[in-house]
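Just so we're aligned: 348 in UniProt numbering is position 348 of the sequence shown, and the numbers increase by one with no gaps anywhere.
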Amino acid sequence: MSLRTPQKELTLGRAQSRGLLVAVLVFSVFTNLLMLTGPLFMLQVYDRVLGSRSEETLVALFILVGALYLFYWLLDYARGRVMARIGARLQASLARRVFSAMVERAALRGGQGPGATAIGDLDAIRNLFAAPVLLALFDMPWTPFFLAAIFLFHPLLGLAAIGGGAVLILATLINRWVTNGALERSQAKSSRAARLARQAEEGGGLIWSQGMASVMADRWARMQEDASAEGMDANDRSGTLASFSRAFRFFLQSGLLALGAYLVLQHAVTPGAMIASSILMGRALAPIEQVLGQWALIQRARSGWKTLGEFLQTVPERIQPTQLPDPVAQLTVTNIGLRASAPGAPPVLQGISFELNPGEALGVIGKSGVGKTTLARIIQGLLPPTTGEVRLAGATLDQYGHERLGRVMGCLPQEVRFFDGTVAENIAHMELNPDPARVVQAATLARVHDIILKLPQGYDTMLIEGSGLLSGGQRQRLALARALYHDPVLLVLDEPNSALDADGSEALNAVVADMKRAGKSVLIMTHRPTAIAVCDRLMVIDAGQQKALGPRDEVLKSVIRNAPEVQRAMGAARVNVVPQKEAQG
1 MSLRTPQKEL
11 TLGRAQSRGL
21 LVAVLVFSVF
31 TNLLMLTGPL
41 FMLQVYDRVL
51 GSRSEETLVA
61 LFILVGALYL
71 FYWLLDYARG
81 RVMARIGARL
91 QASLARRVFS
101 AMVERAALRG
111 GQGPGATAIG
121 DLDAIRNLFA
131 APVLLALFDM
141 PWTPFFLAAI
151 FLFHPLLGLA
161 AIGGGAVLIL
171 ATLINRWVTN
181 GALERSQAKS
191 SRAARLARQA
201 EEGGGLIWSQ
211 GMASVMADRW
221 ARMQEDASAE
231 GMDANDRSGT
241 LASFSRAFRF
251 FLQSGLLALG
261 AYLVLQHAVT
271 PGAMIASSIL
281 MGRALAPIEQ
291 VLGQWALIQR
301 ARSGWKTLGE
311 FLQTVPERIQ
321 PTQLPDPVAQ
331 LTVTNIGLRA
341 SAPGAPPVLQ
351 GISFELNPGE
361 ALGVIGKSGV
371 GKTTLARIIQ
381 GLLPPTTGEV
391 RLAGATLDQY
401 GHERLGRVMG
411 CLPQEVRFFD
421 GTVAENIAHM
431 ELNPDPARVV
441 QAATLARVHD
451 IILKLPQGYD
461 TMLIEGSGLL
471 SGGQRQRLAL
481 ARALYHDPVL
491 LVLDEPNSAL
501 DADGSEALNA
511 VVADMKRAGK
521 SVLIMTHRPT
531 AIAVCDRLMV
541 IDAGQQKALG
551 PRDEVLKSVI
561 RNAPEVQRAM
571 GAARVNVVPQ
581 KEAQG
């Protein structure tokens, strides 16, 4: 599978809403023009209505003002709705991409990455689009227009308004300068605390059994306190300037009113101009004050925009390859090697080569830590080898694409996980509309159908990770049914019977026998004799190197020191290779 050249995906996502942004801009032009309604109304009332004592003029002006404010309400309501939908559209256009990148990064690089934070960044961007403060940014370019209008009444009024606006703009710049660093540090520390909390939840059993709960709680609380302290420091600084801005604007309005009154006494302006100039100044400076008060929200979205773009650049979008025909169960592994990440350390794997033919089961055995799970991850396409290649039916794994590969290759990992959903949904790979017939068929093939029927709601029983509803063996058998759901041609099993009892091991071996009989192939990573009872061949790995490969019994006799004991254990676990329906009967 090829990779799409990294592009500015956020810019492309924003470009999809360019038409809506133009609509918001047009609405903002008219809403700001309509904001002149109040000052003009005051000018007419004080200078014309009161002087002429004309009630008809007052009624006519009031009706006109009411109609104009009605238009203002409709336009402001419309631009708010459009802006919220721009945010929702941006999130919808990127949500699947961000989620897929999060899963891919976690799968291919191992462990948890910044994916969950990236989803939070996307939410922060959407929240900004839904907040009124973004509309204030569209209104800010009109501030010079309103200040210029004040100049029309008198130059001194205009100069006073410009001086006040300069003070508020300076306060905004200072607010950005003094809070940006603290906000970024607070977000980084909050992310680390959230990551520790997720790790503690996943490793709850270990933490509790080792008496680490209080220590981990102290560590998490310390990280939270540090993040909270940074956030509080930023809020204190921002709050100080925001409070100053509000108080200063109130003072400025009173000062402008006082200056206007002085100019009225000097017969330089009319009373209407005095009132109108005060209203215009309040309108001119309101967006600045609003932006200053909501700077933390803007900064969070700006930071999210930057980090989200950087995250997507680290996980380029993949172009799905041309779909190949359904493969045969022919796996070819050639000279697989993997260097260790630590400098000077011996290779994790070196010189691994074998073929797995249709209707064959190969057991890969060795002590714990010799590289069996690593080899399984390479064969599943989760870990790129340093040397060599893996081919399925003659094609390299990337030619199938990760989704197609996940359907033709069923996998049972060493660590079994389920997701919040029903038993049926988990077997069906969390499909939105799982096929009941295929779900039951997979469960029946895995010999877990009867176990599922004994659950409280059968296939509709909700699985909540950590609920303890299923035993370890039941989890493995249910995961085996999930691996069989798409009718794969190759089954990769990593320590598949680590939690199985005798009945479970017998069921597992029956599944392997069914796969072989259907002309499919099975690869089993294990160090337990019962898991290789129906394997045709064995490969022995030691210290990352292939030590032996051949027929099962020959390898056991030549390599395994306790071969007779292993063969007796296999004999006890062996099942009759009979059709699956008869085995169920």
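For glycine and all other residues, C-beta sits at the position ideal for the given N, C-alpha and C.
On a predicted model such as this, the values are computed, not experimentally measured, just so you know.
- Cα atoms of V103 and M430: separation of roughly 14 Å, rounded to the nearest angstrom.
- When secondary structure is reduced to three states using DSSP, V522 falls in the strand class.
- Between V555 and V534, the beta carbon gap of about 15 Å keeps them out of contact (Cβ cut-off 8 Å).
- Within the same chain, Cβ atoms closer than 6 Å to the Cβ of L263 are found at H154, V269, the five residues on either side in sequence being excluded.
- In this structure, the straight-line span from the alpha carbon of L453 to that of P316 is close to 43 Å.
- Remark: three or more beta-carbon pairs, one from each stretch, lie closer than 8 Å, so the segment 299-311 and the segment 122-135 are flagged as touching.
- Fully contained in the segment 179-255 are the following alpha helix (DSSP H) runs of length 4 or more, in chain order: 204-209.
- Residue environment: I352 is assigned as buried (16 or more neighbouring CB atoms within 10 Å of its CB, all protein chains considered).
- DSSP places K547 inside the beta strand (DSSP E), whose first and last residues are 545-551.
- Secondary structure at Q350: strand, using DSSP grouped into helix, strand and coil.
- DSSP places M140 outside any beta strand (DSSP E), giving it a letter other than H or E.
- The DSSP assignment places 472-484 as complete runs of the alpha helix (DSSP H) inside the segment 455-513, in order along the chain (cut-off: 4 residues).
- Counted as a single uninterrupted DSSP element, the beta strand (DSSP E) harbouring R391 occupies residues 387-392.
- With respect to L463, N426 sits close: the two C-beta atoms are nearer than 8 Å.
- Distances from the CA of P413 to each of G468, S186, S54, D494 were compared; the closest alpha carbon is that of D494.
- Counting along the chain, the unbroken beta strand (DSSP E) around R537 starts and ends at 537-542.
- For V364, the three-state secondary structure derived from DSSP is strand.
- T31 and F71 have their alpha carbons spaced roughly 8 Å apart.
- From the listed residues H267, L94, G406, S214, the smallest Cα separation to I119 is found for L94.
- Assignment of beta-bridge partners to A148 by DSSP yields no partner.
- Our two residues, Q545 and L349, have alpha carbons roughly 6 Å apart in a direct line.
- A distance of 8 Å or more separates the beta carbons of G363 and A502.
- Using a C-beta cut-off of 8 Å, the segment 135-152 makes no contact with the segment 309-326, since fewer than three inter-stretch Cβ pairs fall below that distance.
- Buried is the label assigned to S28, since at least 16 other Cβ atoms lie within 10 Å of its Cβ.
- The beta carbon of P287 sits closer than 7 Å to those of A136, D139, M140, T143, all from its chain and outside the five residues before and after it, given in chain order.
- Here the alpha carbon of T387 sits roughly 13 Å from the alpha carbon of I379.
- Here L445 is not near V492, since their CB atoms are 8 Å or more apart.
- The alpha-carbon of S243 is positioned some 40 Å away from that of Q313.
- Around L241, the same chain offers A171, N175 as residues with beta carbons nearer than 6 Å, after the five sequence neighbours per side are excluded.
- Between F250 and the set I279, A67, D236, A227, the nearest pair of CA atoms involves I279.
- In this chain, I532 is not harboured by any beta strand (DSSP E), its DSSP state being neither H nor E.
- Put simply, of V423, F145, E465 the residue whose alpha carbon is nearest the alpha carbon of I451 is V423.
- Shown here for G421: same chain residues with a beta carbon closer than 8 Å to its own, the five before and five after excluded, namely M430, M462, L463 in chain order.
- Put simply, of F419, S498, A395 the residue whose alpha carbon is nearest the alpha carbon of S368 is S498.
- When the alpha-carbon of R89 is set against those of L538, F354, G19, the nearest one is in G19.
- When DSSP reads this structure, A395 sits in a beta bridge with L392.
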